[in-house]
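Reminder that position 223 of the sequence shown reads as 223 in the numbering used here, one-by-one numbering, no gaps.
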Amino acid sequence: MGYTATEFVVLLLFVGFFLFYGLIPIFGGDQLGLVGADEPRYAQIAREMLAAHTATCDAVHASILPNSLRAASLRASYQCLMGGTVTPILYGKPWLEKPALYYWRAMGYYRELGVYDWTARLASATGALALIILAFLHLKRFRPGGHLDAALIMVSAIAMFAFSRGASTDMQLAAPFCIGMLGWYAWYETGKKFWLFDLYFFGAAATLAKGPVAPFLALSIICLFLGLRREWSALRRTIWIPGIVLYLVMVLPWYIAVQRRNPTFLNEFFWKHNLERYTTNLYHHRQPFYYYLVVLILGMMPWTALSVRALVDGLSTSFAEWKARSKRQRYVGHVRAGDAFPEFLVLWALFPIIFFSFSDSKLPGYILPSMPPLAILTGDYLFRIRRQGISNWLLYTHGVLTAVLTFVLILCPQYMVYQRLIPAAGILSVAIVLGIAAGLMVVLATRHYGVRMLRLVTMIPLVILLYFLLGRNGRLLDLNYSARPLAREIQQADPNATVVAEFNVRRDLVYGLAFYRDQQIVSYTSGGVPEGEHLVVFPTRDEPLLENYLKGRFTQPLLLYQAQGLSVYRVYPRS
């Protein structure tokens, strides 16, 4: 009991640090503002939905929970519930690319904690927290031994860490999907219908996060697993009427309501953003077929070598099981053969990677559901080799990857902030020395104390690197990659500006400015030049091109934002 409590405390300390340090103001500060195009866009949608919801509730003088059981009170509460929560809206117009789960969760955090960039990210961080803790508890019960290793690998792998801090829908899909899959396997092993609740409940949550891809992936993996084991009766028993009712009750109301309010929803969401996104390059995300192999290698860093070795071991076990099952005499009197868990994890890990590799539109987050089963395979593998020890080549490879990751992350601020591909000799020397030190620490400590020490000596450099990147250099990264500092400077330079336009500015910065200023940014190239007084943001190098749009207009330089090579002018009305 004491050992379990110690493990849980260790888990909470590491998970809390990796998920929340440098994210929330009271723990390292919200060091990095929203980056990319998706984060500020999704955060703004949640903000506008909350504003619409609040306005509706105020108009009917009600809250979601009725004050009484009278018909008028129930009607008012229903109107409050539906107001602003059905149709995602961006700049006052429907935005039907994704379902509403992320927006609902972000709205809740906004309402309780305020509208900030860090509260927009809490939906992903808390989703990852739930996944890791529930995976730890599940493995502790059904697969004890590697449970702590698996949970720590899960939270510290680069892809899981990055997406758990993003204001996006990727973790909203991956977390409930993976919890549901673990619940299904618990039912498969125990036969207790209680565990099927996880599959249907969390499967419904994943469907509300990204749509039909969630049940498709789950059904495909389960059918492959049961088909290879020739246990089709288990598929029939998986069809649980109370679970189906629960799933439909959770999913259908929103899909029906949004379609009734937006007749173009089915075409926009299902056809364009699911079928066409998979089968065409409509959204310009074409990548080579091997793209997800690269994503997998980078996404599991620094655990990549161990994860690949664990996956190969899982494949070997699975092939042995498949071969053994072909000789039925070995299993006379047995309901099922061997250990099914490695087979399940291997299929779960590989299917999303293979499936999305055939897509014409590829983004890194598509294979996020493959990362948790890889972490579980790796944790289980490390536990099984504790007595025999780790092979030298695998240990050295893991040490080299830890050293490389340390080296690269130490140089990241130099490249990202100063755009120096070859840094100064002093910084380069420090990065080389610290990288070698991290790799040697992993190798020497593991050789001396055994495999049980490997997770700790790998986590220590990762903790230090996270502190270095966010605690020491977070503000520099914010200055160079987020629109937050620019929005603040614009507000200080002209607090009364009501219209802001842009010319040739990257779309991630445009969406970022829109979120931080809570207003749509006018585009010179698509929306035209506003007739009235306004501010315009543009790359400083494009000033000669800007003059073609502003003929006959008086302008005044307002500020120079050197960190991202931007200028801001005040443009006066036409005389």
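All C-beta atoms, glycine included, are put in the ideal place defined by N, C-alpha and C.
- Taking C-alpha positions only, I353 is separated from E39 by approximately 24 Å.
- Counting of Cβ neighbours within 10 angstroms places D380 among the buried residues, the total reaching 16 or more.
- Sequence-distant partners of L469 (beyond 5 residues in either direction) whose C-beta falls short of 7 Å from its own C-beta, in its chain, are L409 and C412.
- With 16 or more other CB atoms across the displayed protein chains lying within 10 angstroms of its CB, K362 is buried.
- Here F177 has A206, A214 and P369 as same chain residues with Cβ atoms under 6 Å from its own Cβ, once five neighbours each way along the sequence are excluded.
- The C-alpha of A43 lies about 44 Å from the C-alpha of T317.
- For Y572, the three-state secondary structure derived from DSSP is coil.
- Taken through DSSP and simplified to helix, strand or coil, L545 comes out as helix.
- G314 is classed as buried because its beta carbon has at least 16 other beta carbons within 10 Å across all chains shown.
- Cβ neighbours of E7 within its own chain (closer than 6 Å, five residues either side excluded): L148.
- Beta-bridge partners of S523 (DSSP): E502.
- Per the C-alpha coordinates, the member of F269, L546, I256 and G512 positioned closest to P212 is F269.
- Put simply, the backbone Cα of L226 is about 13 Å away from that of D339.
- Taking a cut-off of 8 Å on C-beta distances, the stretch 42-58 touches the stretch 107-124, as three or more cross pairs fall below it.
- If you ignore the 5 residues before and after K210, its C-beta comes within less than 6 Å of the C-beta of T169 and L173, all in its own chain and listed in chain order.
- Boundaries of the alpha helix (DSSP H) around L129: D117 to F142.
- Counting the other CB atoms within 10 Å of its CB gives K93 a total below 16, which places it among the exposed residues.
- DSSP places P557 within a strand segment (E or B) once states are collapsed to three.
- With 16 or more other Cβ atoms from the protein chains shown falling within 10 Å of its own Cβ, I390 counts as buried.
- In the three-state scheme derived from DSSP, where H, G and I count as helix and E and B as strand, I89 is classed as strand.
- Residue range H534 to P539 is occupied by the beta strand (DSSP E) that includes F538.
- Counting the other Cβ atoms within 10 Å of the Cβ of I26 gives fewer than 16, which makes it exposed.
- DSSP lists P539 and Y561 as the beta-bridge partner residues of L566.
- The continuous stretches of alpha helix (DSSP H) do not include N67, and DSSP gives it neither H nor E.
- In its chain, beyond the 5 residues on either side, F344 have a beta carbon closer than 6 Å to the beta carbon of Y185.
- Here the alpha carbons of A128 and V451 stand approximately 26 Å from one another.
- Given a length threshold of 4 residues, each whole run of the alpha helix (DSSP H) inside the stretch 278-352 is given here in chain order: 291-299 and 304-325.
- The C-beta separation of A493 from L558 comes to about 5 Å, placing the pair in contact by the 8 Å criterion.
- Just so you know, the alpha carbons of A349 and A162 end up roughly 19 Å apart.
- Selection A157, R111 and N67 evaluated against T458 yields A157 as nearest (Cα-Cα).
- Scanning its chain for C-beta atoms nearer than 6 Å, with the 5 sequence neighbours on each side dropped, one finds around S307 the residues M300, L374 and T378, in chain order.
- Between the stretch 237-248 and the stretch 194-201, the count of C-beta pairs closer than 8 Å reaches three or more; the two stretches touch.
- Separation of F289 and A445 (C-alpha to C-alpha, rounded to the nearest whole angstrom) is 39 Å.
- Under DSSP, P94 forms a beta bridge with I89.
- Three or more beta-carbon pairs separated by less than 8 Å are not found between the stretch 132-143 and the stretch 430-443, which leaves the two stretches without contact.
- In this structure, the CA atom of W254 is about 16 Å from the CA atom of I64.
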